[in-house]
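Chemist: These protein sequence lines are chains A and B, in that order. If you use UniProt numbering, the first sequence corresponds to residues 1 to 181, in order. If you use UniProt numbering, the second sequence corresponds to residues 1 to 181, in order.
2 protein chains.
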Amino acid sequence: MAIKVHGYPYSPAVQKVLICLAEKGLDYELVHIDLLAGQQKEEPFISLNGTPLLVQDPKKLAILGVWAEVEAHRFDAVGQKLNYEIRVKPFKGLTADEALVEQLEAQLVTVLDVYEKRLAESKYLAGDDFTLADLHHVPIINSLMKTKVKALFEERPNVNAWCSELLARPASHKVLSKFTF
Amino acid sequence: MAIKVHGYPYSPAVQKVLICLAEKGLDYELVHIDLLAGQQKEEPFISLNGTPLLVQDPKKLAILGVWAEVEAHRFDAVGQKLNYEIRVKPFKGLTADEALVEQLEAQLVTVLDVYEKRLAESKYLAGDDFTLADLHHVPIINSLMKTKVKALFEERPNVNAWCSELLARPASHKVLSKFTF
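Here it is, written out as structure tokens:
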């Protein structure tokens with residue numbers, strides 16, 4: 001399937017993207033958005049640009065940005081290390097550092113308490129729609145759910161429902177059902 | 001054609017990318033890079049990751065970054081405005097602001113003098129290989145070459161040779177031959 005590029009092909013910015021794809025030998029299909037006619041401010045372009053992983057409204061996008069940063073600097077920072085200790089190390093025949101695991105679990109609890117509160121206010125982290133801010137959590141949640149840490153997620157009802165929903169998405173299933181150990 | 005993703009599918013980072021593609025309904029083909037076996041440090045992955053638009057070596061990548069910033073803040077900042085005055089405005093039936101055009105031409109001369117010196121030292125801006133730092137120039141150069149400003153590029157032999165080469169690339173030709181006015 002060719003990559004669809006929605007844009008005004010006389011725009012230098014769009015041309016940069018197309019030339020990149022051509023340099024990489026990737027097929028693309030151009031969907032002409034007529035800037036002069038204002039099509040970039042109309043449907044279907046707005047919806048297309050806004051869903052499902054990002055949002056269009058600047059305020060909502062800023063909120064999404066905040067939660068994407070929370071994922072990167074709070075959740076992922078702890079989750080990756082924990083995953084390494086209790087999932088990757090045993091797989092490699094190494095022994096987890098239990099003192100470090102305890103520290104990381106305590107840090108994860110702090111993060112999940114914030115999430116539990118947030119997810120009482122909105123269905124997803126950035127609001128009522130599933131976004132990249134949620135998606136980024138999927139691989140580590142999927143992995144940690146196979147460990148004792150699972151309990152930390154499950155004992156928080158909003159976090160638990162959110163995790164279940166993220167993992168049940170067809171896209172998550174498509175990728176993760178193939179690559180698990 | 002499916003998008004090829006080269007990566008270790010058990011890596012959470014790679015899984016994020018795959019889930020994104022799946023969420024967007026895009027086909028992908030996974031080319032397995034075995035991190036445990038160190039394949040990410042071997043050919044063909046290194047070359048693939050390094051060419052043609054980026055480079056692998058951290059020092060070279062830093063140099064590329066500098067020239068990409070030069071493009072964005074020096075060349076593009078002037079080039080876009082100039083392009084608007086002398087190409088887009090006439091196309092729309094508007095009159096160019098000649099005083100502004102003169103100012104912009106003077107600024108472009110300053111940038112092109114720096115480029116002329118740089119391109120005496122290396123074939124492309126970031127070194128001996130064509131990179132994104134060069135590619136980003138293509139749409140605006142292509143457009144300005146259809147105006148009186150062409151002379152500013154042509155009277156600098158290194159810049160002129162570089163421009164000719166950029167515009168003659170099959171990828172540039174593929175995109176720009178279709179979208180010109």
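The beta carbon of each residue, even a glycine, is placed where N, CA and C say it ideally should be.
#1: Can you tell me which of the three DSSP states residue 94(A) falls into?
#2: Quick check: is any heavy atom of the ligand ATP less than 7 Å from the C-beta of residue 20(B)?
#3: Report the option in 25(B), 18(B), 22(B), 23(B) whose CA atom is closest to the CA atom of residue 31(B).
#4: Does the distance from the C-beta atom of residue 6(A) to that of residue 16(B) stay below 8 Å?
#5: Since residue 179(B) contacts residue 9(A) with CB under 8 Å, what's their CB separation in whole angstroms?
#6: Closest by CA to residue 33(B), which one among 132(B), 42(B), 25(B)?
#7: What separation, rounded to the nearest whole angstrom, lies between the Cα atoms of residue 132(B) and residue 160(A)?
#8: Can you look up residue 121(A) in the DSSP assignment and give me helix, strand or coil?
#9: What in chain B is Cβ-close to residue 179(A), meaning under 8 Å?
#10: Are the CB atoms of residue 74(A) and residue 143(A) nearer to each other than 8 Å?
#11: How is the beta strand (DSSP E) around residue 176(A) delimited, first residue to last?
#12: Indicate the three-state DSSP secondary structure (helix, strand or coil) for residue 109(A) in the structure shown.
#13: Does the pairing of the segment 93 to 108 of chain B with the segment 154 to 172 of chain B give three or more beta-carbon distances under 8 Å?
#14: Please check if any C-beta of chain B sits within less than 8 Å of the C-beta of residue 19(A).
#15: Against chain B, with Cβ distances strictly below 8 Å, would residue 123(A) count as a contact?
#16: Helix, strand or coil for residue 50(B)? Go by DSSP, reduced to three states.
#17: So within the UniProt domain "GST N-terminal" (1 to 79) of chain B, which uninterrupted alpha helix (DSSP H) runs reach at least 4 residues, ignoring any that extend past its ends?
#18: Kindly indicate if chain B contains any beta-carbon less than 8 Å away from that of residue 90(A).
#19: By the criterion of Cβ-Cβ separation under 9 Å, what are the contact partners of residue 46(B) in chain C?
#20: In the DSSP assignment, the alpha helix (DSSP H) including residue 134(A) goes from what residue to what residue?
#21: Taking all protein chains shown into account, decide if residue 138(A) is buried (16 or more other Cβ within 10 angstroms of its Cβ) or exposed.
#22: Please identify, using Cβ separations under 8 Å, the residues of the segment 160 to 177 of chain B that lie next to chain A, in order along the chain.
#23: Look at the alpha carbon of residue 127(A) and the alpha carbon of residue 140(B), and state the distance between them as a whole number of angstroms.
#24: On the criterion of 16 or more Cβ atoms from any shown chain inside 10 Å, does residue 177(A) qualify as buried, or is it exposed?
#25: What residue does the alpha helix (DSSP H) around residue 151(A) start on, and which one ends it?
#26: Please state if the CB of residue 2(B) and the CB of residue 222(A) are separated by a distance shorter than 8 Å.
#27: Let me see if you follow: with CB-CB separation under 8 Å, is residue 80(A) close to chain B or not?
#28: Which residue wins for smallest C-alpha separation from residue 152(B), given the options 116(B), 109(B), 172(B)?
#29: Give me the residue from 55(A), 4(A), 44(A), 38(A) with the minimum Cα distance to residue 125(A).
#30: With distances taken from CA atoms, which of 112(A), 158(A), 170(A) is nearest residue 78(A)?
#31: Could you name the residues of chain B that residue 109(A) contacts, counting a contact when the two beta carbons are closer than 7 Å?
#32: Quick check: the Cα distance between residue 98(A) and residue 63(A), rounded to an integer number of angstroms?
Modeler: Taking the geometry as given:
#1: Stepping through the first sequence from its first residue, residue 94(A) is reached at position 94. Residue 94(A) falls in the coil class under three-state DSSP.
#2: With respect to the ligand ATP, the structure shown offers nothing to examine, as it has no ligands at all.
#3: Locating residue 31(B) in the second sequence gives position 31, where the first residue counts as 1. Nearest option by C-alpha distance: 18(B).
#4: Within the first sequence, residue 6(A) is the residue found at index 6, counting from 1. Within the second sequence, residue 16(B) is the residue found at index 16, counting from 1. No, the pair does not count as a contact, with Cβ atoms beyond the cut-off.
#5: Here residue 179(B) is taken as the residue at index 179 of the second sequence, counted from 1. Here residue 9(A) is taken as the residue at index 9 of the first sequence, counted from 1. With a beta-carbon spacing of about 4 Å, residue 179(B) and residue 9(A) fall inside the 8 Å limit used to define contacts.
#6: For the purposes of this step, residue 33(B) is taken as the residue at position 33 of the second sequence. The candidate whose alpha carbon is nearest that of residue 33(B) is 42(B).
#7: Position 132 of the second sequence, counting from 1, holds the residue named residue 132(B). Position 160 of the first sequence, counting from 1, holds the residue named residue 160(A). Residue 132(B) and residue 160(A): Cα-Cα distance of roughly 44 Å.
#8: Here residue 121(A) refers to the residue found at position 121 when the first sequence is read from its first residue. Looking at residue 121(A) - three-state DSSP - the assignment turns out to be helix.
#9: Sequence index remark: in the first sequence, residue 179(A) carries index 179 (1-based). Neighbourhood of residue 179(A) in chain B, by CB distance below 8 Å: 9, 10, 15, in chain order.
#10: Here the question's residue 74(A) lines up with position 74 in the first sequence. Here the question's residue 143(A) lines up with position 143 in the first sequence. Contact: no.
#11: As a working note, residue 176(A) is residue 176 in the first sequence. For residue 176(A), no beta strand (DSSP E) encloses it; the enclosing alpha helix (DSSP H) starts and ends at 170 to 176.
#12: In the first sequence, residue 109(A) corresponds to position 109, counting from 1. The answer is helix: DSSP assigns residue 109(A) an H, G or I state.
#13: With a cut-off of 8 Å on Cβ pairs, the segment 93 to 108 of chain B is not in contact with the segment 154 to 172 of chain B, counting fewer than three such pairs.
#14: Here residue 19(A) refers to the residue found at position 19 of the first sequence. Any Cβ of chain B closer than 8 Å to the Cβ of residue 19(A) would place that residue at the interface, and such an atom is present.
#15: Within the first sequence, residue 123(A) is the residue found at index 123, counting from 1. With 8 Å as the cut-off, residue 123(A) does not count as an interface residue toward chain B.
#16: For the purposes of this step, residue 50(B) is taken as residue 50 along the second sequence, with counting starting at 1. At residue 50(B) the pLDDT is 49, less than 50, meaning the model places this residue with poor confidence; the figure from the coordinates comes in the next sentence. Residue 50(B) falls in the helix class under three-state DSSP.
#17: Taking only runs of at least 4 residues, the alpha helix (DSSP H) segments lying wholly in the UniProt domain "GST N-terminal" (1 to 79) of chain B are 12 to 23, 45 to 50, 58 to 70.
#18: As a position in the first sequence, residue 90(A) is number 90, starting the count at 1. At a cut-off of 8 Å between beta-carbon atoms, residue 90(A) makes no contact with chain B.
#19: Of the protein chains in the structure, A and B, none is chain C.
#20: Sequence index remark: in the first sequence, residue 134(A) carries index 134 (1-based). In this chain, the alpha helix (DSSP H) harbouring residue 134(A) covers 132 to 135.
#21: The sequence position of residue 138(A) within the first sequence is 138, counting from 1. Per the 10 Å Cβ criterion, buried.
#22: The residues in question are 169, 170, 171, 172, 174, 175, 176.
#23: Taking the first sequence and counting its residues from 1, one reaches residue 127(A) at position 127. Taking the second sequence and counting its residues from 1, one reaches residue 140(B) at position 140. So the two alpha carbons sit approximately 40 Å from each other.
#24: Locating residue 177(A) in the first sequence gives position 177, counting from the first residue. By the neighbour-count rule (16 or more Cβ atoms within 10 Å), residue 177(A) is not buried but exposed.
#25: Position 151 of the first sequence holds residue 151(A). That run of the alpha helix (DSSP H) goes 150 to 154.
#26: In this structure chain A extends from 1 to 181, so residue 222(A) is not present and cannot be described.
#27: On the first sequence, position 80 is the one that residue 80(A) refers to. Cβ-Cβ to chain B under 8 Å: yes for residue 80(A).
#28: To locate residue 152(B), count along the second sequence from 1; it is residue 152. Proximity to residue 152(B) across 116(B), 109(B), 172(B) peaks at 109(B), based on C-alpha coordinates.
#29: Walking along the first sequence from the start, residue 125(A) turns up at place 125. 55(A) is the residue among 55(A), 4(A), 44(A), 38(A) whose C-alpha sits nearest the C-alpha of residue 125(A).
#30: Position 78 of the first sequence holds residue 78(A). The residue with the shortest Cα to Cα distance from residue 78(A) is 112(A).
#31: Counting from 1 along the first sequence, the entry for residue 109(A) is found at position 109. In chain order: nothing, as chain B lies at least about 20 Å away.
#32: For the purposes of this step, residue 98(A) is identified with residue 98 of the first sequence, where counting begins at 1. For the purposes of this step, residue 63(A) is identified with residue 63 of the first sequence, where counting begins at 1. Annotation: residue 98(A) to residue 63(A) spans about 36 Å, alpha carbon to alpha carbon.
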